[in-house]
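Structure, as structure tokens:
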Amino acid sequence: MQTENQLTQQTVLDVLQQFRLIYGSMRRHFRMVEERCGMSGSQMWVLQEVHRSPEIGIGELAIRMGIHQSTCSLLVDKLVGFGCLNKRRQEADHRRVGLCLTDKGAAALARLPGPAEGILPEALSNLSETVLRTLHINLDELIRNLPGKEDSYANTPLADMVRQREEV
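Heads up, the sequence shown is in this note's numbering, so the first residue is 3 and it goes up one at a time.
As structure tokens, this is what we get:
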């Protein structure tokens, strides 16, 4: 018969394996995105959002992606440089710049093997509200107990985190 300490240790290992499975699945997905599209998952997510909302502004785009506006601007500038996006002054307010997909950007999107934002947001959106709220509460507790946590990671796209790790 297992002691409570052994059961707790086994549960810790089981949960660790769950995190490994999630992380490994994300890595595989984002590698496939890069192989098929020639761009990072974050860049493809920008293209996807511009496709969904033509002439979207950088501020709104950053909010939708849950990233800092300066990070979003850097992604957009790269995509403009690649010829995948165009910036266009909006007719209603000439001070605002809207983003438009080019043919090259549309061709990259057509090769997308799954959700540009990644498989984790898709899986989370498929959970019931009760399960999602419970997960949120439990992850908050885990984060409170996480030594050396870096809050800035909360605003970094998962695709970029996975990519940074692979480049090391």
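Ideal Cβ positions, reconstructed from N, Cα and C, are used throughout, including at glycine.
Report task. Apply the 10 Å Cβ neighbour rule to residue 21 and answer buried if 16 or more other Cβ atoms are within range, or exposed otherwise. Result -> Flag for residue 21 reads exposed.
Query raised in the report: Are the region 36–47 and the region 77–96 touching by the rule of at least three beta carbon pairs closer than 8 Å?
Result: Yes, they touch.
Query raised in the report: Roughly how many angstroms separate the alpha carbons of residue 23 and residue 122, rounded to a whole number?
Result: 11 Å
Report task. Could you tell me which residues DSSP puts in a beta bridge with residue 100? Result -> In the DSSP secondary-structure assignment, residue 100 is bridged to 90.
Query raised in the report: At a cut-off of 6 Å, is residue 87 close to the ligand NAP when judged by its beta-carbon and the heavy atoms of the ligand?
Result: As far as ligands go, the structure on display features none, and thus does not contain the ligand NAP.
Query raised in the report: Who are the near neighbours of residue 64 in its chain, counting only those whose CB is closer than 6 Å to its CB and skipping five residues on each side?
Result: 71 and 74
**Report entry** Backbone secondary structure at residue 69 - three-state DSSP
**Finding:** Coil.
Requested in this report: Starting from the C-beta of residue 104, find all residues in its chain whose C-beta is less than 7 Å away, skip the five residues before and the five after it, and write them out in chain order.
Outcome: 85, 86, 87 and 88
Report task. Could you check the C-alpha separation between residue 8 and residue 18 for me, to the nearest Å? Result -> 15 Å
Query raised in the report: Excluding the five sequence neighbours on either side, which residues of its own chain have a C-beta within less than 6 Å of the C-beta of residue 66, listed in chain order?
Result: Taken in chain order, the residues that qualify are 51.
Requested in this report: Spell out the partners DSSP gives residue 58 in its beta bridges.
Outcome: Answer by DSSP bridge pairing, in chain order: 101.
Requested in this report: Measure from the alpha carbon of residue 117 to the alpha carbon of each residue in 5, 12 and 47, then state which is nearest.
Outcome: 47
Query raised in the report: Which runs of the alpha helix (DSSP H) spanning at least 4 residues fall entirely within the region 17–51, listed in chain order?
Result: none
Query raised in the report: So what does DSSP say about residue 75, is it helix, strand or coil?
Result: helix
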